[in-house]
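Under my numbering, think of the first position of the first sequence as 155, with each following residue one higher. See below for the structure under consideration.
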Amino acid sequence: MAVHGCLNPNVFDNGDEDDTPVVFRRSSSAAKQSQVNSSVKKPLPSQRQEGSSLQNSNLQKGKSVLPEKTLANKSSTRGSTNSISLTDWSRSSELKSAYGASESKLLIKSPGESSGDLDDLDSDDDKPLCARYPNSVQKSNSSRASKDFGSLPPNSSVEEKAKIAVKKHYDNDSEDEVPLSAKFGVKSGADSSSKNLSISNDQRPPSASIKVGQNGSAKRDPYNTLSLKSSKGLNKRPLDDVYSSARPSSVKKVKPVDPIKVKQESKVKEEEDMDEEDNVPLVQRKKPASSERPSSNKKVTKVVSTTKFKKMTKKSKKLAEDSKYSKSMKVPPGSGEGQKWTTLVHSGVIFPPPYKPHGVKMLYNGQPVDLSPEQEEVATMFAVMKDTEYATKQKFIENFMGDWKVILGRNHVIKKFELCDFTPIYEWHLKEKEKKKQMTTEEKKALKEEKLKQEEKYMWAIVDGVKEKVGNFRVEPPGLFRGRGEHPKMGKLKRRICPSDITINIGKNAPIPECAIPGERWKEVKHDNTVTWLAFWNDPINPKESKYVFLAASSSLKGQSDKEKYEKARMLKNYIKNIRATYTKDFTSKDVTKRQISVATYLIDKLALRAGNEKDDDEADTVGCCTLKVENVTLMPENKLKFDFLGKDSIRYENTVAVEAGVYKAVGQFQSGKKGGDDLFDKLDTSKLNTHLKELMPGLTAKVFRTYNASFTLDDMLTRDTKDDNIQEKLKIYHTANREVAIICNHQRSVSKTHDAQMARLDDKIAELKRGLEELNVDLSRAKKGKPPVRSPDGKTKKNMAPEVLEKKIAQILTKIDKMELDRQLKDQNKNVALGTSKINYLDPRITVAWCKRREVPIEKIFNKSLLAKFAWAMDVEPGFKF
DNA sequence: GCTCTGACTTGCTGCGAAAGCT
DNA sequence: AGCTTTCGCAGCAAGTCAGAGC
155 MAVHGCLNPN VFDNGDEDDT PVVFRRSSSA AKQSQVNSSV KKPLPSQRQE
205 GSSLQNSNLQ KGKSVLPEKT LANKSSTRGS TNSISLTDWS RSSELKSAYG
255 ASESKLLIKS PGESSGDLDD LDSDDDKPLC ARYPNSVQKS NSSRASKDFG
305 SLPPNSSVEE KAKIAVKKHY DNDSEDEVPL SAKFGVKSGA DSSSKNLSIS
355 NDQRPPSASI KVGQNGSAKR DPYNTLSLKS SKGLNKRPLD DVYSSARPSS
405 VKKVKPVDPI KVKQESKVKE EEDMDEEDNV PLVQRKKPAS SERPSSNKKV
455 TKVVSTTKFK KMTKKSKKLA EDSKYSKSMK VPPGSGEGQK WTTLVHSGVI
505 FPPPYKPHGV KMLYNGQPVD LSPEQEEVAT MFAVMKDTEY ATKQKFIENF
555 MGDWKVILGR NHVIKKFELC DFTPIYEWHL KEKEKKKQMT TEEKKALKEE
605 KLKQEEKYMW AIVDGVKEKV GNFRVEPPGL FRGRGEHPKM GKLKRRICPS
655 DITINIGKNA PIPECAIPGE RWKEVKHDNT VTWLAFWNDP INPKESKYVF
705 LAASSSLKGQ SDKEKYEKAR MLKNYIKNIR ATYTKDFTSK DVTKRQISVA
755 TYLIDKLALR AGNEKDDDEA DTVGCCTLKV ENVTLMPENK LKFDFLGKDS
805 IRYENTVAVE AGVYKAVGQF QSGKKGGDDL FDKLDTSKLN THLKELMPGL
855 TAKVFRTYNA SFTLDDMLTR DTKDDNIQEK LKIYHTANRE VAIICNHQRS
905 VSKTHDAQMA RLDDKIAELK RGLEELNVDL SRAKKGKPPV RSPDGKTKKN
955 MAPEVLEKKI AQILTKIDKM ELDRQLKDQN KNVALGTSKI NYLDPRITVA
1005 WCKRREVPIE KIFNKSLLAK FAWAMDVEPG FKF
């Protein structure tokens, strides 16, 4: 019997970190602490609108649907990847340019193509990376907080120039007249020189017959942006058009431009821009605004657009052109306000299979009990978690029992958890697992194919005529909620989601997805093109929250937003000096709110702390910067602060850092007269903080600092001179940088259960090698005297070897021991550091790609298939790219 | 100016497949 | 070949942030 049990929904409804300053980074020991217990989203209008209009126009021209044949063709290209390594980059560029043009004609005719805000930002490459941290990470203990604000990077004249440019930028900043956002808008719009930087990167195939592009297949050639073969037979979504105005619009082949020349041009332009910047430094400018904040916020925004327009009229004709696409910071892609797509077709979501009762009886008070399929389903949920830590937690058990009892009914024999014995079901589960494991390869393959066949249609959406991969098209199956840390709702039943729970979002003229469960229908069908979700349902655990179905990370919609995120972070580097000057000044402000804002900003900047939103009582008790409690920060001697709190995911953040005297003093003041559980920043919340940050830089929010600091650190560490002859050495450098970032961001993982055993095994191996080495040394000295080797420990006689041979062997073993000891050390160091998170979310992939190009490291040594797909937009970056 | 909530990003874990090792 | 370790990825929890509504 299959149970499709959609329980009454009501029944259960009740219910880091920072930038380069090594001084501030968590010590390894801090990093070792593991769990205690257990936007760019809306892109900067000017940016978004650019990309979007491009994208949209593409779609408008090119929307149509890929013939079956083409799709089939496409599938056949799956897996044909990874053949391009670094050495192939140039070739791939040629291929791209050869193919790009024809498709540009086909799909890209938007005037937006020639505007280049996003890419203009790229042209900042030669700007001062961060004049103020010349060697911040190199000198492992040079604090970013220390007074090297503004000190120059030790090398290039380009940087020198850039620094001057930035200095000018700040010095001339008369913001009273022209708000920052105007500057921003103008700047990005004006700086069109970078356009020339890019080589044609249009990888789309020349097939005029192709109507629907595809984007985001994890299985397709990850180099789709680079490689011809990957795109054979299908249109990749014009991703690059979305971002890069850099590409000449309709030319077949583009001659690479002299980057130096371009840089010079861009520099001149930049300086022109700066000349036009206002005179009043940010610090001064901020005064009036902050005193009347936050109500003034809206006003400011309004002023921004008008002044911005004025400014733009002063600029070149080019600018005026661009302004067409950036005139309203609010108008995003496509034609309408906030529009994300024009046409959207998809197949909805797939539901987990109905529950199949197994009939295995659990015991209650030693006696087998009959359970209905519904009751058995929930019992099984608990039984399979029997050997997890959850099953031992009181709260988990309590919540589970609470919800299970509702299903058991009042008169059921089962009353007390202590009398329940789930072992029979658990054993059944183990057997099932074993059975599955024992299946032959063919059986497994067949099963996999069957699953794929069922899911294929749900895996793709057609967004504006381009086939895109859908992310999480599977509805979450019922189960017991596994909240992290001491989550008050852990163990509660996550009931089965039915079609009537699900709201579908789809294009107006698209066929409404068929509801897979007979007799049921969707809760609602919407046609909202201002959002990117394809479907959502309310989280059964917390009904006021929603679970969304989005496109996959490799989709251009996501890629676009990703790039915008990094552009915003890059922009921060132009403002950071001033921002730091501002907050440093405010450490001693008489206005407590101002002082709290300045200290919080300092902590977010220096320690990469998260913003720290308020949380409800029915969530785990974790904090971020704004919600730090008095007890989370301890004043230590020598101006040191000791932080100890549970952050996101209940991961412990433990770090003792030297801070500036002003911060130290201010924290003491914030603490005085308060109890341990009181808010350290009682005058502050994330909203106030972000409002303030936006006054310093358009679009700036707390989380931008994390991205900035992470990417800046990587860029900085990879830019240093190194003697890396072989690929292993190069990779080691990359991983070291990656690790540094992970530590800064407090990205931890739980230590593998077998870690100690693995270490012990490595120790054994090393000891074994060392024993062998000793023996060889003995044999060598004997051989030199013409004596035969000693017997091996097991009594066997060894053959005579010449001293030269023995010396060679010894050298080999020594190398092996060195390598093993290093591996052991790294493994131990990284046992609780998660490197993946920063790579996926914080490190601008262009830094990595550019470094790979410069150092001739195959990109696939760093990015796996999904990252290659996710970062397709970054693959064309110039080797000289600087964050 | 505050709360609520919608939309989206970030982040860790666990499982299965692939790769590495003996 | 069989076992161990690593890797990739799906899954889904838990953040951030903006804007509507009061």
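Note that the Cβ used here is the ideal one computed from N, Cα and C, for glycine as well.
Contact check, residue i vs residue j, beta carbons under 8 Å
{"i": "LYS902", "j": "ILE758", "result": "It should be noted that the sequence gives Gln, not Lys, for residue 902. Not in contact: GLN902 and ILE758 (Cβ atoms no closer than 8 Å)."}
{"i": "GLU678", "j": "THR657", "result": "yes"}
{"i": "VAL753", "j": "ALA820", "result": "yes"}
{"i": "MET913", "j": "ASP982", "result": "yes"}
{"i": "ILE1038", "j": "LEU1021", "result": "The structure shown does not extend to residue 1038, since the chain is modelled only from 155 to 1037, so the question has no answer here."}
{"i": "THR861", "j": "TYR996", "result": "yes"}
{"i": "HIS681", "j": "ILE666", "result": "no"}
{"i": "ASN931", "j": "PRO942", "result": "no"}
{"i": "LEU854", "j": "LEU847", "result": "yes"}
{"i": "LYS559", "j": "LEU711", "result": "no"}
{"i": "ASN900", "j": "THR840", "result": "no"}
{"i": "VAL624", "j": "VAL685", "result": "no"}
{"i": "LEU885", "j": "ARG978", "result": "no"}
Outcome for residue i when other beta-carbon atoms lying within 10 angstroms are tallied against a minimum of 16
{"i": "ASP1030", "result": "buried"}
{"i": "GLU1014", "result": "buried"}
{"i": "ALA911", "result": "exposed"}
{"i": "GLN750", "result": "buried"}
{"i": "ASN732", "result": "buried"}
{"i": "ASN663", "result": "exposed"}
{"i": "ALA1065", "result": "Shown here, the chain extends from 155 to 1037; a query on residue 1065 therefore has no answer."}
{"i": "VAL959", "result": "exposed"}
{"i": "ALA1004", "result": "buried"}
{"i": "ASN683", "result": "buried"}
{"i": "SER935", "result": "exposed"}
{"i": "LYS769", "result": "exposed"}
{"i": "LYS499", "result": "The sequence as given places Val at residue 499; Lys does not occur at that position. It is buried - the Cβ of VAL499 has at least 16 other Cβ atoms within 10 Å."}
{"i": "VAL817", "result": "buried"}
{"i": "ASP740", "result": "buried"}
Endpoints, beta strand (DSSP E) assigned at residue i
{"i": "LYS623", "result": "620-623"}
{"i": "HIS500", "result": "498-500"}
{"i": "ILE658", "result": "657-659"}
{"i": "ARG1009", "result": "First-last for ARG1009: 999-1009, but that is the alpha helix (DSSP H), not the beta strand (DSSP E)."}
{"i": "ASP918", "result": "Looking at the DSSP string, ASP918 is not in any beta strand (DSSP E); the run it does join, the alpha helix (DSSP H), is 909-938."}
{"i": "ALA664", "result": "Looking at the DSSP string, ALA664 is not in any beta strand (DSSP E), and its letter there is neither H nor E."}
{"i": "TRP691", "result": "689-692"}
{"i": "VAL703", "result": "700-703"}
Residue span of the alpha helix (DSSP H) that contains residue i, given as start and end
{"i": "ARG893", "result": "881-898"}
{"i": "SER710", "result": "710-740"}
{"i": "TYR818", "result": "815-825"}
{"i": "MET790", "result": "MET790 -> not in any alpha helix (DSSP H); beta strand (DSSP E) instead, spanning 787-790."}
{"i": "LYS985", "result": "Taken as a continuous stretch (DSSP letters only), LYS985 belongs to no alpha helix (DSSP H), as it is neither H nor E."}
Cutoff 7 Å; reference residue i; Cβ partners in own chain excluding five residues on either side
{"i": "PHE635", "result": "LYS643, MET644, GLY645, LYS646, LYS648 and ILE695"}
{"i": "LYS802", "result": "ARG764 and THR776"}
{"i": "CYS669", "result": "PRO653, ARG675 and TRP676"}
Beta-carbon contacts of residue i that lie in its chain and below 6 Å, excluding the five residues immediately before and after
{"i": "ASP524", "result": "none"}
{"i": "ASP833", "result": "none"}
{"i": "ASN1018", "result": "none"}
{"i": "PRO999", "result": "PHE1025 and ALA1028"}
{"i": "VAL858", "result": "LYS722, ALA723 and LEU726"}
{"i": "THR534", "result": "ILE579"}
{"i": "SER239", "result": "Reliability of the predicted coordinates at SER239 is poor, the pLDDT of 30 falling under 50, and no value is obtained from them."}
Contact set for residue i: own chain, Cβ-Cβ below 8 Å, skip 5 residues either direction
{"i": "LYS698", "result": "ASN692"}
- Message: Would you call the segment 616-630 in contact with the segment 491-507, where contact means no fewer than 3 C-beta pairs closer than 8 Å?
- Response: yes
- Message: Whether or not the segment 1017-1029 and the segment 715-723 are in contact is what I'm after, with contact meaning three or more pairs of Cβ atoms, one per stretch, closer than 8 Å; do they touch?
- Response: Result yes; three or more Cβ-Cβ pairs closer than 8 Å.
- Query: Would you call the segment 578-595 and the segment 527-544 touching, i.e. three or more CB-CB distances under 8 Å?
  - Reply: yes
- Three or more C-beta pairs below 8 Å linking the segment 824-842 and the segment 961-970: no
- Message: Counting beta carbon pairs with one atom in the segment 781-800 and one in the segment 809-825, are three or more of them shorter than 8 Å?
- Response: Between the segment 809-825 and the segment 781-800, the count of C-beta pairs closer than 8 Å reaches three or more; the two stretches touch.
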